[in-house]
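Contents: one structure, followed by commentary.
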């Protein structure tokens, strides 16, 4: 039977290291502060809002591959947080993913899945398939029950052809020939529903995607700035950023500075200002060796 | 061997999505004098309602996610290949788990990761809250005592 409780003596200096923990912490999400946050909220503290991308993203399948499009505005409630953010993320050399929802969530999720897919590619030795990326994403998003707010449009061309998926934050996916996501998705979908046909040419497809994103930009407050496009075919990827600057910042029409000599100088006089010495102080400066 | 022997296949797959409210026996950790030792177990663990009050809906889900996933795989394997298949795999994993360094030093767990398939996965547990960058340093004596069970 132990009679003495030994108090550990720790030789490190910082106070945070003095806890005698019998278990080392595991990695991953930590929920320690959630109760504290709830308490603070009940006391009237306002929780800071996450940056949402408030986006219009869309994609469509054309004759030779996939065209993905996105706007470039990131909003923080009613303020534009980023006028030119990149919403088309790299998953692998033949697969790209547009992200809507919370900006951090889309960024981290796509990077994580890109790394996992690369590990998978090294293990299998084959070019990764779009359905693999889709399954990895939906399994991860379902695991977190929608708390990771990432709505994605995943598109790519693999050995079986071009594929396009839309992935919702709770983990459901749709495999369709054309998809739109984000706050401007209704405007973009209206454009697609009106003009989409199977087997479009490359230029027609790019124009249609550009029109859909512009519909979102001009009709939705959460989307704006430029249009980014990504054209994926079997052999190469064209990441065109920006494809079009839809919202150019205005140029000032006139100058309001007056040139020297606009006002006539009648006479000039120079006066010396006498400064009084109030206080003197002698300081020792260490000698520099 | 009676003629009416039936093979009872239990298709009792455990729920992959852990239920937020589960019946759980609560273990308030006991220190040397019967009361929970705050020094060893921290503030959160000493609260009697610690297991019942969940601070976040995901907390319970995340704690048990990996073990639920593995249980489900075990049951599926048992139903398709028979009881020997998960037994062999568990035996190998059991031995791999024993290959560890002493508590204060990080173990690579290479064999265990290869057997469970974790060498091909990257999740948030690899990116967030990296244990090697933790703020609190494990005190070697306490960790060793806990490992030997004489804490």
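Residue numbers (my numbering), protein chains in the order written: chain A, 1 to 289; chain B, 1001 to 1151. Where a beta carbon is used, it is the ideal one built from N, C-alpha and C, also for glycine.
Would you mind reading off the limits of the alpha helix (DSSP H) that contains residue i?
i, result
"residue 57/A", "Run containing residue 57/A: none in the alpha helix (DSSP H); it sits in the beta strand (DSSP E), 57-61."
"residue 1067/B", "1057-1081"
"residue 149/A", "Per DSSP, residue 149/A belongs to no alpha helix (DSSP H) and is neither H nor E."
"residue 129/A", "Careful: residue 129/A lies outside any alpha helix (DSSP H) and carries neither H nor E."
"residue 1110/B", "1110-1116"
"residue 1089/B", "1084-1098"
Under a three-way DSSP split, which group does residue i fall into?
i, result
"residue 1104/B", "coil"
"residue 183/A", "coil"
"residue 178/A", "strand"
"residue 115/A", "helix"
"residue 16/A", "Caution is warranted here: a pLDDT of 34 is assigned to residue 16/A, below 50, making its placement in the model unreliable, and the coordinate value is therefore given only provisionally. Helix at residue 16/A."
"residue 95/A", "strand"
"residue 1128/B", "coil"
"residue 289/A", "coil"
"residue 278/A", "coil"
"residue 50/A", "coil"
"residue 219/A", "helix"
"residue 1136/B", "coil"
"residue 214/A", "helix"
"residue 72/A", "coil"
"residue 199/A", "coil"
"residue 100/A", "strand"
"residue 1141/B", "helix"
"residue 241/A", "strand"
"residue 106/A", "helix"
"residue 80/A", "strand"
"residue 1038/B", "helix"
"residue 191/A", "helix"
"residue 89/A", "strand"
"residue 64/A", "coil"
"residue 157/A", "strand"
Contact defined as beta carbons within less than 8 Å: I believe residue i pairs with residue j. What is the distance between those atoms, to the nearest angstrom?
i, j, result
"residue 66/A", "residue 157/A", "6 Å"
"residue 63/A", "residue 199/A", "5 Å"
"residue 295/A", "residue 59/A", "Coverage of chain A is limited to positions 1 through 289, which leaves residue 295/A absent and any answer about it impossible."
"residue 69/A", "residue 229/A", "5 Å"
"residue 167/A", "residue 138/A", "6 Å"
Please determine, among the options, the residue with the shortest C-alpha to C-alpha distance to residue i.
i, options, result
"residue 188/A", "51/A, 26/A, 228/A, 57/A", "57/A"
"residue 172/A", "149/A, 185/A, 160/A", "149/A"
"residue 85/A", "92/A, 75/A, 91/A", "75/A"
"residue 232/A", "163/A, 194/A, 210/A, 279/A", "163/A"
"residue 1065/B", "144/A, 52/A, 83/A", "144/A"
"residue 1061/B", "102/A, 146/A, 262/A", "146/A"
"residue 239/A", "286/A, 268/A, 96/A, 103/A", "96/A"
"residue 1093/B", "1073/B, 1141/B, 1100/B, 1116/B", "1116/B"
"residue 51/A", "82/A, 90/A, 41/A, 281/A", "82/A"
"residue 249/A", "94/A, 224/A, 129/A", "224/A"
"residue 1098/B", "1135/B, 1111/B, 1073/B", "1111/B"
"residue 101/A", "174/A, 184/A, 155/A, 41/A", "184/A"
"residue 77/A", "91/A, 54/A, 128/A", "54/A"
"residue 236/A", "211/A, 151/A, 93/A", "93/A"
"residue 151/A", "123/A, 30/A, 104/A", "104/A"
"residue 1096/B", "1059/B, 1113/B, 1136/B", "1113/B"
"residue 73/A", "221/A, 275/A, 259/A", "221/A"
"residue 1101/B", "1089/B, 1033/B, 1140/B", "1140/B"
I'd like the span of the beta strand (DSSP E) that includes residue i, first residue to last.
i, result
"residue 163/A", "161-167"
"residue 34/A", "That residue, residue 34/A, is in no beta strand (DSSP E); its alpha helix (DSSP H) goes 34-42."
"residue 270/A", "Here residue 270/A belongs to no beta strand (DSSP E), and DSSP marks it neither H nor E."
"residue 230/A", "226-233"
Tell me, please, whether the segment 114-125 of chain A touches the segment 1104-1123 of chain B by the rule of three or more beta-carbon pairs shorter than 8 Å.
yes
Three Cβ pairs or more, each shorter than 8 Å: is that satisfied between the segment 175-193 of chain A and the segment 28-47 of chain A?
no
Touching by the beta-carbon criterion (3+ pairs, under 8 Å), the segment 1098-1112 of chain B and the segment 1065-1077 of chain B
no
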